[in-house]
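Asker: First residue of the sequence shown: 1, per the UniProt record's numbering; consecutive thereafter.
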Amino acid sequence: MPKHILIVDDSKTVRNLVAFIMKKEGFKVTTAEDGLDGLEKLYSLSEVDLIVSDVNMPRMDGLTFIKTVREQGAYRDIPIVVLSTEGQDKDIQTGLTVGANLYMVKPAQPEKLVRNVKMLLG
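1. What's the call for Phe20, buried or exposed, on a 16-neighbour Cβ count within 10 Å?
2. Check whether the Cβ atoms of Ile7 and Val48 sit closer than 8 Å, and answer yes or no.
3. In the DSSP output, which residue or residues are listed as bridge partners for Leu6?
4. Can you tell me whether Asp89 is buried or exposed, with buried defined as 16 or more other CB within 10 angstroms of its CB?
5. Among Val14, Asn56, Asp10 and His4, whose alpha-carbon lies nearest the alpha-carbon of Glu25?
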């Protein structure tokens, strides 16, 4: 059974790229265009094994999205990778504080992203 990854990013290019990389590795992928869409998809899917989320998005940003996911018992332990252009120490610290397991700065190396995802799912 392939692991299911939810990709949340307002950039269609980034969503498609990350989805392509993950599908190539044999993962099942669902994409969402912002935090609200991400929550809707998360609630409607039977199982999500890992989330990759951007920070800067309209309607609901990634930090609010992660916080909301972490507040719910059913989703508390899903690994979350932040993939953001915001790469300052304070941004990274905030991302990890709200509940991300890992913070990666765009553009992330595909091999590194895959390695980190596999490590978190391992």
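Each residue gets a CB set at the ideal place from its N, CA and C atoms; glycine is no exception.
All values derive from a computational prediction rather than experimental measurement.
Answerer: A quick look at the data gives this:
1. Position 20 of the sequence shown, counted from the start, is the residue given in the question as residue 20. Burial call: exposed.
2. Taking the sequence shown and counting its residues from 1, the one referred to as residue 7 is at position 7. Taking the sequence shown and counting its residues from 1, the one referred to as residue 48 is at position 48. Not a contact, by the Cβ cut-off of 8 Å.
3. Reading the sequence shown from its first residue, position 6 is the one you call residue 6. In DSSP, Leu6 forms a bridge with Thr30 and Ile51.
4. Indexing the sequence shown from 1 puts residue 89 at position 89. With fewer than 16 Cβ atoms within 10 Å of its Cβ, Asp89 is classed as exposed.
5. For the purposes of this step, residue 25 is taken as the residue at position 25 of the sequence shown. Selected option, being the one with the closest Cα: His4.
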